[in-house]
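Q: Below you'll find the structure I mean.
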């Protein structure tokens with residue numbers, strides 16, 4: 001399965017609004033990067049593939065991964081569904097995207113992820 005167009009469109013609006021962010025096709029799904037560092041990645045997990053995501057989420061589905069500060073990582077990991085700690089890297093969270101997506105929350109999470117990955121000079125441009 002592929003990522004629905006309406007989800008990609010909304011994620012593009014959020015991620016590409018960040019300074020110097022760009023989009024590219026990933027090995028599976030689509031990712032958004034800042035200076036060669038991925039701050040968001042959306043993909044569909046199905047039939048146990050890819051295993052490093054399928055092993056940590058509850059079944060098949062649409063997954064958005066992003067980076068988090070240590071404090072946010074702890075809070076989201078302890079929140080449970082729809083948030084899951086990935087195997088690697090240490091600061092990555094996987095979020096299952098269901099039928100009802102809170103786009104305000106997604107915007108905040110993507111902005112925070114960008115701040116984690118962006119050079120300080122670019123992160124400072126966010127107010």
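Residue numbers (our numbering): 1 to 127.
In this text, a Cβ means the ideal position worked out from N, Cα and C, and glycines have one as well.
1) When burial is assigned at 16 or more other CB atoms within 10 Å of the CB, is residue 110 buried or exposed?
2) Are the stretch 42–55 and the stretch 18–25 touching by the rule of at least three beta carbon pairs closer than 8 Å?
3) Enumerate in chain order the residues of its own chain whose CB-to-CB distance from residue 98 is below 7 Å, with the five nearest sequence positions on each side excluded.
4) What are the complete alpha helix (DSSP H) segments, minimum 4 residues, inside the stretch 31–73?
5) Could you check what DSSP says for residue 101 in three-state terms: helix, strand or coil?
6) Under 8 Å Cβ to Cβ from residue 8, same chain only, skipping five residues before and after it: list those, please.
7) Pull up the distance between the alpha-carbon of residue 18 and that of residue 114, whole angstroms please.
8) Would you list the residues sitting across from residue 93 in a DSSP beta bridge?
9) Take residue 69 as the anchor and find which of 39, 10, 3 has the nearest alpha-carbon.
10) Within the present structure, is the beta-carbon of residue 77 separated from the nearest heavy atom of the ligand MG by less than 7 Å?
11) Since I believe residue 63 is in contact with residue 96 (beta carbons under 8 Å), could you give me their beta-carbon distance rounded to a whole number of angstroms?
12) So what does residue 22 bridge to, in DSSP terms?
13) Between the Cα of residue 89 and the Cα atoms of 102, 79, 73, which residue gives the shortest distance?
A: On the basis of the data shown:
1) With 16 or more other Cβ atoms within 10 Å, it is buried.
2) Per the Cβ contact rule, the stretch 42–55 is not in contact with the stretch 18–25 (fewer than 3 Cβ pairs under 8 Å).
3) 82.
4) Within the stretch 31–73, the complete alpha helix (DSSP H) runs of at least 4 residues are 51–54.
5) Correct three-state label for residue 101: coil.
6) 30, 42.
7) C-alpha separation (whole angstroms): 8 Å.
8) Paired residue(s): 66, 85.
9) For the residues 39, 10, 3, the minimum Cα distance to residue 69 belongs to 39.
10) Looking for the ligand MG in the displayed structure turns up nothing, as the structure carries no ligands at all.
11) Sure, about 6 Å apart at Cβ, within 8 Å.
12) According to DSSP, residue 22 bridges with 33.
13) Distances from the alpha-carbon of residue 89 to those of 102, 79, 73 put 73 closest.
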